[in-house]
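A.B. asks:
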Amino acid sequence: MTTASTASTTAIADVKDGAARTARRAARRRTALVWAGRIALAAFVIGGWQLSTMWGIVDPFFYGQPSGIWKRLVELFQHGTQFGSFYQNIWTTIQEALAGFAVGAVTGVVFGVALGQSRYLSDVLGPYIKMVNAIPRIVLGSIFIVAFGIGVTPKILLAAVLVFFIVFFNAFQGVREVDRSVLANVRVLGASRMQITRHVVVPSALTWIIASLHSAFGFAIVGALVGEVLGAQSGLGLVIKTAQNNFDPNGVFATMLVIAVIVLGAEWLIGKLERRLLSWRPPAPTEANSL
Amino acid sequence: MASRNDVATSPGTGAADQADARIEISGLTKRFLTPAGEVFTALDGVSFTVEPGQFCAVVGPTGCGKSTTLSMVSGLDRPSEGSVRVGGREVEGITDGVSFMFQTDALLPWKTVLGNVLMGPVFRRVPKQQAQASARDWLRRVGLAGFEDRYPHQLSGGMRKRVAMAAALINEPRILIMDEPFGALDVQTKAIMSTELLSLWEQIRPSVIFITHDLDEAVALADRVVVMTSGPGSVKAVFDIDLPRPRGSVQEIRFQPRFIELQHQIWDTLREEVERAYALTAGGAA
Ligand SMILES: Nc1ncnc2c1ncn2[C@@H]1O[C@H](COP(=O)(O)OP(=O)(O)O)[C@@H](O)[C@H]1O
Ligand SMILES: [Mg+2]
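For the record, the sequence lines run as chains A and B.
So in UniProt numbering, spot 71 of the first sequence is number 71, and the numbers just go up one at a time.
So in UniProt numbering, spot 245 of the second sequence is number 245, and the numbers just go up one at a time.
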């Protein structure tokens with residue numbers, strides 16, 4: 001009796017095991033296929049570019065050449081630029097972008113949460129914020145450079161302004177979307193205004209805020225680079241501008257590559273932060289590991 | 001901690017507290033401004049009293065203003081006319097000692113089960129250790145020991161309701177108001193939860209206003225059933241339920257002759273209103 005039931009349980013377990021193994025194999029095959037597709041696409045684009053410059057279909061003098069970009073990249077890292085080492089220029093841009101990102105994100109969250117909770121404040125400040133938002137903000141870079149010189153300050157400010165609006169609108173919207181019955185619940189439980197902000201409003205808006213941070217770091221880099229192109233003594237924007245003036249498309253592409261790596265790195269960090277802060281969220285259906 | 005244990009061992013609170021827990025609703029009227037700019041009367045002169053420690057159920061057709069009444073008892077909203085008095089004092093804003101269980105899920109999804117139950121004590125600045133101990137104790141009482149670290153989305157609907165119940169009761173309210181708390185649950189879970197609610201209520205004996213659309217539930221739980229008219233809401237009739245306490249299982253009380261008799265009486269009164277409300281909405285839809 002006991003042995004029979006044990007045997008049948010084992011049989012069921014075996015069947016389940018088998019099904020799990022098949023599902024896992026299918027998942028692995030799919031991953032392999034995806035990666036094969038990705039690599040093939042990259043090989044096609046980069047290889048096609050390389051070949052068409054070698055065969056003279058496009059002129060590498062204007063459009064660059066993958067092998068040339070690679071050579072230029074190695075050169076930049078080994079011999080630096082006319083404004084100090086390449087590393088130093090990279091560091092300048094990262095610093096400006098990070099500082100601008102921090103200033104913009106913090107002010108964006110503070111204003112978004114404050115205006116989202118106060119009808120009066122949002123009525124008073126709303127039109128002005130919309131007006132400033134309507135200005136093509138890159139133009140502010142020129143003003144900042146006139147006002148603050150060609151140091152890091154104008155770049156930080158420009159990056160901060162770009163980041164501010166993205167984060168602000170998201171934080172504002174997030175606060176407005178707070179669930180009404182959740183709010184009523186904590187009010188009845190005796191929460192003060194500060195406690196409501198801390199325990200309900202900010203965590204609820206956090207989903208929106210963090211979503212905005214992903215694109216916001218890209219904008220911080222744009223702000224820093226544009227500021228540097230407009231006038232600087234160091235930074236990747238300056239490297240790009242110099243390469244452009246020297247008819248060196250490979251130099252532009254090489255710097256671009258470095259910038260992309262920086263943004264992807266920041267994206268990865270923000271993704272980690274997101275998973276940490278929003279660990280309470282139910283996994284999205286695609287993330288759920290349903291076998 | 002000590003005071004909670006006292007309460008738990010001796011049902012019913014001291015005589016001084018008793019008078020504090022009377023709810024007097026008199027002439028309660030609420031008007032809303034519709035988007036079109038017209039005045040809509042949701043409640044018209046609602047009056048009834050809930051004695052200290054009494055369990056009062058309110059039934060009425062949907063849209064008759066039951067939730068609106070509760071929002072004014074809790075102080076979340078203000079009446080257009082009339083008043084709500086709790087313990088002789090007029091309600092103006094959130095009243096201390098009132099807990100609310102909502103119709104919809106009102107748990108914070110970013111807090112664990114323990115964190116959700118801890119909210120009341122945290123907001124009232126109870127020392128952390130004491131708060132934790134009492135939250136764990138309440139989770140045990142509602143049968144959720146071992147689920148402290150789960151998030152609400154990892155629980156079933158019934159378990160979420162238990163968390164909400166613990167979160168409402170941990171403040172040891174004088175007044176407990178509940179807006180169709182088990183309305184979204186399946187029949188079996190609902191019966192179990194109702195029985196558990198009764199036994200917890202018997203331990204701390206707050207005055208209760210319990211809204212439901214389930215007449216059986218109202219009769220099985222309550223000392224008094226208030227029937228409301230369809231919109232604008234007013235009180236149509238009040239029935240005293242003389243079924244003995246403790247009532248035990250909610251499923252079994254349904255078969256007692258006295259239960260059936262009361263149920264029929266109230267249904268006769270309520271049916272007319274439900275039909276009228278239905279005719280109104282059906283007419284509006286046609
Ligand atoms: N904030 C509001 N503005 C306008 N009308 C409202 C508002 N809240 C409730 N009402 C109306 O008041 C009536 C009573 O609502 P409610 O109290 O929720 O009914 P129920 O008895 O089903 O709980 C309904 O007709 C509803 O449309
Ligand atoms: Mg309602």
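Don't be surprised by glycine CBs; every beta carbon is placed ideally from N, CA and C.
Computed from a prediction, not measured in an experiment: that's the story for all the values here.
1. Check distances from the C-beta atoms of the stretch 253-287 of chain A to those of chain B and list, in chain order, the residues that come in under 7 Å.
2. Output the distance between the C-alpha atoms of Asp216 (chain B) and Pro173 (chain B), rounded to the nearest integer angstrom.
3. Please write down, chain order preserved, every residue whose beta carbon lies under 5 Å from a heavy atom of ligand 1.
4. Strictly by DSSP, which residues pair up with Asp214 (chain B)?
5. Give a yes or no on whether 9 Å exceeds the smallest Cβ distance from Asp96 (chain B) to chain A.
6. Is the closest heavy atom of ligand 2 to the C-beta of Ile166 (chain A) under 8 Å?
7. Among A:Val229, A:Gln173, A:Leu230 and A:His214, which has the Cα closest to the Cα of Val202 (chain A)?
8. From the beta carbon of Ala205 (chain A), is the nearest beta carbon of chain B less than 9 Å away?
9. Sort out for me which residues DSSP pairs Leu43 (chain B) with in a bridge.
10. Does the stretch 135-148 of chain B come close enough to the stretch 207-221 of chain B to have 3 or more Cβ pairs within less than 8 Å?
11. If the criterion is Cβ atoms closer than 9 Å, does the pair Ile90 (chain A) and Leu257 (chain A) meet it?
12. If the cut is a Cβ gap below 7 Å, which residues of chain B does Gln173 (chain A) touch?
13. Quick one, which of B:Val86, B:Met165, B:Thr104 and B:Ile204 has its alpha-carbon nearest Asn116 (chain B)'s?
14. Since Leu33 (chain A) contacts Asn171 (chain B) with CB under 8 Å, what's their CB separation in whole angstroms?
15. Which residues in chain B sit within 7 Å of Ala191 (chain A), going by Cβ to Cβ distance?
16. Output needed in chain order: residues of the stretch 145-156 of chain B with a Cβ under 7 Å from some Cβ in chain A.
17. For Arg180 (chain A), which of A:Gln88, A:Ser204, A:Gln50 and A:Leu157 has the nearest alpha-carbon?
18. Any beta carbon of chain B sitting closer than 9 Å to that of Ser181 (chain A)?
19. Does the pairing of the stretch 213-229 of chain A with the stretch 48-66 of chain A give three or more beta-carbon distances under 8 Å?
20. Are Asp86 (chain A) and Val263 (chain A) closer than 9 Å when you measure CB to CB?
21. Using DSSP with H/G/I as helix, E/B as strand and the rest coil, what is Thr81 (chain A)?
22. Starting from Glu228 (chain A), follow the beta strand (DSSP E) in both directions and report where the run begins and ends.
23. Runs of 3 residues minimum, wholly inside the stretch 101-149 of chain A: which ones carry the beta strand (DSSP E) assignment?
24. Going by DSSP in three states, Asp96 (chain B) sits in which element: helix, strand or coil?
25. Which same chain residues end up closer than 6 Å to Ser99 (chain B) when comparing Cβ atoms and leaving out the 5 residues on each side of it in sequence?
26. Please go through the same chain and pick out, in chain order, the residues whose beta-carbon is closer than 6 Å to the beta-carbon of Ile145 (chain A), but skip the five residues on each side of it.
27. Going by DSSP, which residues form a beta bridge with Thr49 (chain B)?
28. Do Val227 (chain B) and Thr269 (chain B) count as a contact pair if the criterion is CB distance below 9 Å?
29. Is any non-hydrogen atom of ligand 2 found closer than 8 Å to the C-beta of Phe180 (chain B), if you look at the structure I gave you?
30. Give the range of the beta strand (DSSP E) segment to which Ser194 (chain B) is assigned.
31. For the candidate residues A:Ser279, A:Ala171 and A:Ile69, whose alpha-carbon lies nearest to that of Val106 (chain A)?
32. Is the Cβ of Asn250 (chain A) closer than 9 Å to any Cβ of chain B?
33. If you scan the stretch 55-125 of chain B from start to end, which runs of the alpha helix (DSSP H) of 4 or more residues do you find wholly inside it?
34. Looking at the structure shown, is Ala286 (chain B) part of a helix, part of a strand, or coil, going by DSSP?
35. Closest Cβ-Cβ distance between Ser10 (chain B) and chain A: below 9 Å?
36. Looking only at C-alpha atoms, which of B:Met119, B:Arg31, B:Ala279 and B:Glu252 sits nearest to Asn185 (chain A)?
C.D. replies: Judging by the given coordinates:
1. Trp280 and Pro282
2. Residue 216 (chain B) sits at position 216 when you count from the first residue of the second sequence. Residue 173 (chain B) sits at position 173 when you count from the first residue of the second sequence. Roughly 26 Å separates the two Cα atoms.
3. B:Phe32, B:Ala42, B:Thr62, B:Gly63, B:Cys64, B:Gly65, B:Lys66, B:Ser67 and B:Thr68
4. By 1-based counting over the second sequence, the position of residue 214 (chain B) is 214. In DSSP, Asp214 (chain B) forms no bridge with anything.
5. By one-based count along the second sequence, residue 96 (chain B) stands at place 96. Interface residue, yes.
6. Here residue 166 (chain A) is taken as the residue at index 166 of the first sequence, counted from 1. No, Cβ of Ile166 (chain A) sits at least 8 Å from all heavy atoms of ligand 2.
7. Locating residue 202 (chain A) in the first sequence gives position 202, where the first residue counts as 1. Ranking A:Val229, A:Gln173, A:Leu230 and A:His214 by Cα distance to Val202 (chain A) puts A:Gln173 first.
8. As a working mapping, residue 205 (chain A) is identified with position 205 in the first sequence. No, because no Cβ of chain B sits closer than 9 Å to the Cβ of Ala205 (chain A).
9. On the second sequence, residue 43 (chain B) is found 43 positions in, with the first residue counted as 1. Looking at the DSSP assignment, Leu43 (chain B) forms a beta bridge with B:Lys30 and B:Gly233.
10. no
11. Residue mapping note: residue 90 (chain A) aligns to position 90 of the first sequence, counting from 1. Residue mapping note: residue 257 (chain A) aligns to position 257 of the first sequence, counting from 1. Not a contact, by the Cβ cut-off of 9 Å.
12. Locating residue 173 (chain A) in the first sequence gives position 173, counting from the first residue. By Cβ distance, chain B contributes nothing, its closest Cβ being about 18 Å from Gln173 (chain A), past 7 Å.
13. Looking up residue 116 (chain B) in the second sequence gives position 116. Considering only alpha carbons, the answer is B:Met165.
14. Position 33 of the first sequence, counted from the first residue, corresponds to residue 33 (chain A). Position 171 of the second sequence, counted from the first residue, corresponds to residue 171 (chain B). The pair is not a contact, with the Cβ atoms about 57 Å apart (cut-off 8 Å).
15. Locating residue 191 (chain A) in the first sequence gives position 191, counting from the first residue. Neighbours of Ala191 (chain A) on chain B, chain order: Phe123.
16. Tyr151 and His153
17. Start at 1 with the first residue of the first sequence, and residue 180 (chain A) comes out as number 180. Cα-wise, what sits closest to Arg180 (chain A) is A:Ser204.
18. One-based indexing of the first sequence puts residue 181 (chain A) at position 181. Closer than 9 Å: yes.
19. no
20. Within the first sequence, the letter at position 86 stands for residue 86 (chain A). Within the first sequence, the letter at position 263 stands for residue 263 (chain A). Checking the sequence, you will find Phe at residue 86 (chain A) rather than Asp. Cβ atoms of Phe86 (chain A) and Val263 (chain A): not closer than 9 Å.
21. Numbered from 1 along the first sequence, position 81 holds the residue referred to as residue 81 (chain A). Thr81 (chain A) falls in the strand class under three-state DSSP.
22. Here the question's residue 228 (chain A) lines up with position 228 in the first sequence. From DSSP, Glu228 (chain A) is part of no beta strand (DSSP E) but of the alpha helix (DSSP H) over Val202 to Leu230.
23. none
24. Along the second sequence, read from residue 1 onward, the residue named residue 96 (chain B) stands at position 96. Coil.
25. Position 99 of the second sequence, counted from the first residue, corresponds to residue 99 (chain B). Only Ala168, Asn171, Pro173 and Leu176 meet the Cβ criterion.
26. Residue 145 (chain A) sits at position 145 when you count from the first residue of the first sequence. These residues qualify, in order along the chain: Pro154, Leu230 and Gly231.
27. Working through the second sequence from its first residue, we reach residue 49 (chain B) at position 49. Its beta-bridge partners are B:Glu24.
28. As a first step, residue 269 (chain B) must be located in the second sequence, where it is residue number 269. As a first step, residue 227 (chain B) must be located in the second sequence, where it is residue number 227. Yes.
29. Counting from 1 along the second sequence, the entry for residue 180 (chain B) is found at position 180. Per the sequence presented here, residue 180 (chain B) reads as Glu, with Phe not at that position. Under cutoff, so the answer is yes.
30. Position 194 of the second sequence holds residue 194 (chain B). Segment Val187 to Ile204 is the alpha helix (DSSP H) holding Ser194 (chain B); no beta strand (DSSP E) there.
31. If you number the first sequence from 1, residue 106 (chain A) lands on position 106. Residue A:Ala171 is the option with its Cα nearest to Val106 (chain A).
32. Taking the first sequence and counting its residues from 1, the one referred to as residue 250 (chain A) is at position 250. Cβ-Cβ to chain B under 9 Å: no for Asn250 (chain A).
33. 66-73 and 113-123
34. As a first step, residue 286 (chain B) must be located in the second sequence, where it is residue number 286. Bear in mind that the predicted position of Ala286 (chain B) carries a pLDDT of just 44, short of 50, making it unreliable; the figure below should be weighed with that in mind. Ala286 (chain B) falls in the coil class under three-state DSSP.
35. Numbered from 1 along the second sequence, position 10 holds the residue referred to as residue 10 (chain B). Because Ser10 (chain B) sits at a pLDDT of 40, beneath the cut-off of 50, its placement in the model cannot be relied upon, and the following sentence gives the value as read from the coordinates. Output row for Ser10 (chain B): interface = no.
36. Your numbering for residue 185 (chain A) matches position 185 in the first sequence. Among B:Met119, B:Arg31, B:Ala279 and B:Glu252, the Cα nearest to that of Asn185 (chain A) belongs to B:Met119.
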